[in-house]
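Quick note on the working numbering: the sequence shown kicks off at 457 and runs consecutively. The block underneath contains the structure these notes are about, expressed in structure tokens.
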Amino acid sequence: MRHLLATSALALPIALSLAVVVPADARAQDAPKQGGEMIVTYKDDVSTLDPAIGYDWQNWSMIKSLFDGLMDYVPGTTDLVPDLAQGYEISDDGKTFTFQLRDGVKFHNGRTLVAGDVKYSIERAVRPETQSPGAGFFNMIEGFDDVQAGKAKALSGIEAPDDKTVVFHLSRPDATFLHVLALNFAHAVPKEAVEAEGADFGKKPVGTGAFRLAEWTLGQRLVFERNPDYYKKDRPRLDRITFEIGQEPLVALLRLQRGEVDILGDPIPSAKFLEVRNDPEWGDNIVEGGQLQTGYVTMNVNVPPFDDLKVRQAVNFAINKDRIVRILNGRAVPANQPLPPAMPGYAKGYEGYAFDPEKAKALLKEAGTEGGVKTELLAMNTEPNPRIAQAIQQDLAAVGIDAQLRPLAQANVIAAGGEPKGAPMIWSGGMAWIADFPDPSNFYGPILGCAGAVPGGWNWAWYCNKNLDAKAAKADAMVGDDQKQARLDLWQEVFLDVMKDAPWAPVFNEQRFTMKSDRMVGPDAIFVDPVHIPVNYDEVGVNDAQ
């Protein structure tokens, strides 16, 4: 997923409990209670609540509260668990997945969920007329190409032999498939409601989720109310959520401090962040957590001077990441590898390239660049990205690399990166990568693999290591739960080999922050959930419900 910077893995444990563990030292009176309401603010309206179409950070968690899929994640973690499914089996060859649906699941219109609904929902997402941005995620299901080409309406690789069984046949083993089934694009919808509402289904959604839509006044508010038929009888915790639209973040912050708002949907305004964080009255209301994001500098390995490994390594040693984090008021942590720390497969003991200007100068001398290096650095022209790019420019100048800074509109940077020789260097901020799902493969194929090094692609380094591609393919064919750790070890090896080739200079991993009122309680992980962006609404609760 391309990510607008907010600051201006396969894990296969089959744990069946979705309970969030409250820290032992939490006071009893601060434990979330059942019932109550809360108010969340957003500046911009939501574009759609159709799970086949919605694909941005604002509507992801809203859609998740209205709909369910076969798989989901333990709240606050990246651990996969069955959701609409009560269990599943994987064939020995890793190409057939059989799911058994759980009992007692109903759509908001009162109809019981059946296997045919799952089949219909995924086929709907794949059909070209739906124009789903998630269609490509299902490319491993047999029959995908025919449906995409309009030659068929149904995926030959999905069967519903009875109302409780869904069988998927894949064209290849793919260990990411369970993650794909947890994406909103695979969430179940009732065919009769979709056909009745047509293009308006995104404004009149019907799902199986913990909440149902009670009101949507465009440009003003959305109201979610508790689904009394939800199969998890102790969820959601709240009876009602009101999303107030059109609230400037600064105004929303002031309203939260007056007790009129419970959660800031948008980031804390940059101008007020340090003030609020250092305020003894409000600092404890800020919640921080890691997210699956990395900001990085790409170097086009096919364009001088970055066709020389030593020059690329010199860039890695030259950048002062701590200084850049300070530019962000501490809203990030320095990065040392492509994977963010919260991603399964992250190499915890790896130190990467330390800030060492003298080492950078020595490498440039070894590369025969005593006369200096001239190049260009492209960056998105929206703050804070120009300031970050200027800091990188200064660091490079200090070691003998003269990088002309070219701040451009986001679309122009993306276009240049997608041209074989369109951009020697790009600062990815404002377009940095945030994972579609918590698996290391999503941080490789699109942005570091050979398949992404194509015109219009997102591999702006134009890095293509076929040996690593082969390792990546081997890792994604390791489907069984007994291969989980071996698969993550192989992925870790892939990314550490990438760092040896240095097509990137990883700079920081953005942290996610939100601010909550004193009423909102529960483990912090549900307020900065790594998957249910930005808040896991099913899990949040209040301490003053009656």
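In this text, a Cβ means the ideal position worked out from N, Cα and C, and glycines have one as well.
Distance, residue j Cα to residue i Cα
i, j, result
"residue 758", "residue 604", "34 Å"
"residue 625", "residue 536", "20 Å"
"residue 580", "residue 586", "7 Å"
"residue 543", "residue 528", "12 Å"
"residue 799", "residue 705", "29 Å"
"residue 1060", "residue 905", "Past the edges of the chain, shown from 457 to 1002, lies residue 1060, and the structure says nothing about it."
"residue 684", "residue 570", "19 Å"
"residue 736", "residue 786", "18 Å"
"residue 701", "residue 678", "8 Å"
"residue 552", "residue 926", "23 Å"
"residue 619", "residue 572", "7 Å"
"residue 617", "residue 598", "17 Å"
"residue 801", "residue 912", "28 Å"
"residue 669", "residue 508", "17 Å"
"residue 840", "residue 491", "40 Å"
"residue 830", "residue 859", "6 Å"
Nearest neighbour of residue i, chosen from the options [CA to CA]
i, options, result
"residue 767", "984, 744, 828 and 730", "828"
"residue 627", "621, 971, 601 and 958", "601"
"residue 819", "551, 832 and 857", "857"
"residue 795", "706, 903 and 783", "903"
"residue 804", "815, 811 and 791", "791"
"residue 489", "951, 741 and 977", "977"
"residue 996", "643, 653, 621 and 666", "666"
"residue 951", "521, 549, 638 and 896", "896"
"residue 832", "881, 787, 711 and 815", "881"
"residue 846", "779, 911 and 899", "779"
"residue 874", "915, 866, 852 and 492", "915"
"residue 725", "540, 716, 714 and 703", "703"
"residue 797", "837, 763 and 745", "745"
"residue 889", "984, 842 and 963", "963"
"residue 561", "810, 695 and 687", "687"
Burial state of residue i, where buried means 16 or more other Cβ atoms lie within 10 Å
i, result
"residue 982", "buried"
"residue 612", "exposed"
"residue 484", "Here residue 484 scores only 38 on pLDDT, less than 50, and its place in the model is too uncertain to base an answer on."
"residue 732", "buried"
"residue 676", "exposed"
"residue 821", "exposed"
"residue 584", "exposed"
"residue 972", "buried"
"residue 721", "buried"
"residue 966", "buried"
"residue 994", "buried"
"residue 655", "exposed"
"residue 941", "exposed"
Opening and closing residue of the alpha helix (DSSP H) in which residue i lies
i, result
"residue 952", "940-957"
"residue 635", "633-636"
"residue 705", "705-713"
"residue 518", "513-522"
"residue 493", "Residue 493 -> not in any alpha helix (DSSP H); beta strand (DSSP E) instead, spanning 493-498."
"residue 615", "Note, residue 615: premise wrong, no alpha helix (DSSP H); beta strand (DSSP E) at 614-618."
"residue 909", "Unbroken run through residue 909: none, as it is neither H nor E."
"residue 398", "Because the chain in this structure spans residues 457 to 1002, residue 398 falls outside the shown range and cannot be described."
"residue 650", "647-653"
Unbroken beta strand (DSSP E) run spanning residue i, endpoints
i, result
"residue 934", "From DSSP, residue 934 is part of no beta strand (DSSP E); its letter is neither H nor E."
"residue 966", "960-971"
heavy atom of the ligand FMN below 7 Å from residue i C-beta
i, result
"residue 950", "Summarising the ligand content, the structure contains no ligands, and the ligand FMN is consequently not present."
Practice problem: Could I get the ranges of all uninterrupted alpha helix (DSSP H) runs contained in the stretch 716-774, with 4 residues as the minimum, in chain order? | Solution: 726-733 and 765-774
Counting only runs that start and end within the stretch 665-702, where is the beta strand (DSSP E) found for 3 or more residues in a row? 667-673, 677-682 and 696-701
Worksheet item: At what residue ranges does the stretch 543-609 contain a whole run of the beta strand (DSSP E), taking only runs of 3 or more?
Response: 552-557
task = For the stretch 769-854, list the alpha helix (DSSP H) runs that are entirely contained and at least 4 residues long, ordered along the chain.
result = 777-783 and 813-822
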